[in-house]
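Asker: The sequence shown begins at 313 in the working numbering and counts up by one. Every residue, glycine too, gets a C-beta built ideally from N, C-alpha and C.
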Amino acid sequence: MEFETWVSQAKEEPLERNWAALRCSRTMTASDQGRLNRWLGRSPLRAVLRIVVLALSVGATGWLLSSLWPEPDRVAKGAAPSVSDPSSLALYPEGSITLLLIGADADNLRDPSNQAAPRGPANADALLLIRIDASQPLQILQLPTELAVKLPGGDSPMALGGLWRTGGVALMADAIRDILGLPEQSLQRYVVMPRQSLRTVVNNLGEVDVILNQTYQGSDKSQGYSVDLQAGRQSLNGAQAEQLVRYLKGSGDDVNRRRRQQILIRAVVEQMQAPSGIISMRGLLDEVSGQLETNLSTGEMLSLAAAVIASPPPLEFSQLRLAPKLKNQPLRQLKPGQALPLWPKKP
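(1) Report the rounded CA-to-CA distance for ALA651 versus ARG633, giving the unit in angstroms.
(2) Verify whether the separation of the beta carbon atoms of LEU413 and PRO506 is less than 9 Å.
(3) Using a 10 Å radius around the Cβ and a threshold of 16 neighbouring Cβ atoms, would you call ILE523 buried or exposed?
(4) If you pair each beta-carbon of the region 551 to 558 with each one of the region 492 to 504, do three or more pairs fall below 8 Å?
(5) What residue from ARG570, LEU453, LEU517 has the CA that sits closest to LEU597's CA?
(6) In whole angstroms, what is the alpha-carbon distance linking ALA543 and PRO625?
(7) I need the DSSP call for SER400, collapsed to helix, strand or coil.
(8) Please state if the CB of VAL581 and the CB of LEU440 are separated by a distance shorter than 9 Å.
(9) Does the region 402 to 420 come within contact of the region 584 to 591, defined as at least 3 CB pairs closer than 8 Å?
(10) For GLN574, collect the residues of the same chain with a Cβ closer than 6 Å to its Cβ; drop the 5 residues on either side in sequence, then sort them by chain order.
(11) From the DSSP output, in three-state form, read off GLN552 for me.
(12) Give the straight-line distance between the Cα atoms of LYS647 and PRO405, rounded to the nearest whole angstrom.
(13) Whole angstroms are fine: how far does the CA of PRO653 sit from the CA of ARG578?
(14) Going by the DSSP bridge assignment, what does MET470 pair with across the sheet?
(15) When the Cα of LEU643 is compared with those of LEU576, PRO456, VAL504, ASP532, which residue comes out closest?
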């Protein structure tokens, strides 16, 4: 599938000074008039109109942002969050927010190598679109990292999970918009989470409870990686949670790995919504924020966390419909004939 290359949108610089009102008297001197002409140019009215339009544009941008987060960096100082009221953490966004979450296979985003397979810069092991609304169940679309995509001008298709390695978040978001049939202005908020951040989240929330229907065991000395998880009900710490979502029996096990990711995501959300999770949320975000790549402010992350905690059950997972796999092909294709957009599903 081909898609247009990402076009970065330049961010407007905020106004750094206030414009003073100009007052001209009949007794203005020639030097005063000259300075005024140099400041306004040959068309004073046009210059004033430009200033007014610029001020209105800045005000409109601020209004659009405040429509979602009325106080985006509102964090109550010194006030302990209520164990029964998520809104005590921060104001909820006033509309639903779709967040692109990229789970990278590097332990740290600054690591020169991912110490995984294939070796080199990090790939995306997990791709999630998370629709967050405090008044609606949490909706999560798991995108198949093995989905075949073809870059414009490319000779052969590549895995969707490799696009982050090739062109970063911008290229990944552009591809996902094209695949799902989403509008240009969507997917503006993102978080890139390395393996270290996953361990931090789980350890700060406390161990998460899961039920596994089978035992997972294995090791890879070249990656310094091992898995030893027993079947049944158990509590996982950060290192064990990483084992669960990283485990891949073989090249064709991606579907089962997404099921294991679902198990952990449900457990993490349940722990967030527990009283202990609400109390620990501010400290968790303080610790994990330095490990992430994101365009969210700390206040916005706290607002989204509060909305996740407040969202009613059940958590809803969605999958893309894939065409049948042919023999040992490593890449998958979408099932043909599907109407866009592929997500969210229309009622």
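Answerer: Quick look at the numbers:
(1) Indexing the sequence shown from 1 puts residue 651 at position 339. Indexing the sequence shown from 1 puts residue 633 at position 321. ALA651 and ARG633: Cα-Cα distance of roughly 11 Å.
(2) Stepping through the sequence shown from its first residue, residue 413 is reached at position 101. Stepping through the sequence shown from its first residue, residue 506 is reached at position 194. PRO506 sits away from LEU413, with the two beta carbons spaced by 9 Å or more.
(3) Position 211 of the sequence shown, counted from the first residue, corresponds to residue 523. ILE523 sits exposed, since fewer than 16 C-beta atoms from the chains shown fall within 10 Å of its C-beta.
(4) The region 551 to 558 makes no contact with the region 492 to 504; the number of CB pairs closer than 8 Å stays below 3.
(5) By 1-based counting over the sequence shown, the position of residue 597 is 285. The alpha carbon of LEU597 has as its nearest neighbour, out of ARG570, LEU453, LEU517, the alpha carbon of LEU517.
(6) Position 231 of the sequence shown, counted from the first residue, corresponds to residue 543. Position 313 of the sequence shown, counted from the first residue, corresponds to residue 625. Taking the straight line from one Cα to the other gives about 26 Å.
(7) Within the sequence shown, numbered from 1, the residue matching residue 400 stands at position 88. DSSP places SER400 in helix when its eight states are reduced to three.
(8) The count along the sequence shown starts at 1 and reaches residue 440 at position 128. The count along the sequence shown starts at 1 and reaches residue 581 at position 269. It is not a contact, given that the beta carbons lie outside the stated cut-off.
(9) Segments in contact, no.
(10) Numbered from 1 along the sequence shown, position 262 holds the residue referred to as residue 574. So the list reads PHE629, once near-sequence residues are dropped.
(11) Numbered from its first residue, the sequence shown carries residue 552 at position 240. In the structure shown, GLN552 adopts helical secondary structure according to DSSP, grouped into three states.
(12) Within the sequence shown, residue 647 is the residue found at index 335, counting from 1. Within the sequence shown, residue 405 is the residue found at index 93, counting from 1. Distance between the alpha carbons of LYS647 and PRO405 is about 35 Å.
(13) Residue mapping note: residue 578 aligns to position 266 of the sequence shown, counting from 1. Residue mapping note: residue 653 aligns to position 341 of the sequence shown, counting from 1. Taking the straight line joining both Cα atoms gives about 26 Å.
(14) Taking the first residue of the sequence shown as position 1, residue 470 is located at position 158. According to DSSP, which records beta bridges pairwise, MET470 is partnered with VAL461.
(15) Within the sequence shown, the letter at position 331 stands for residue 643. Of the listed residues, the one whose Cα sits closest to LEU643 is PRO456.
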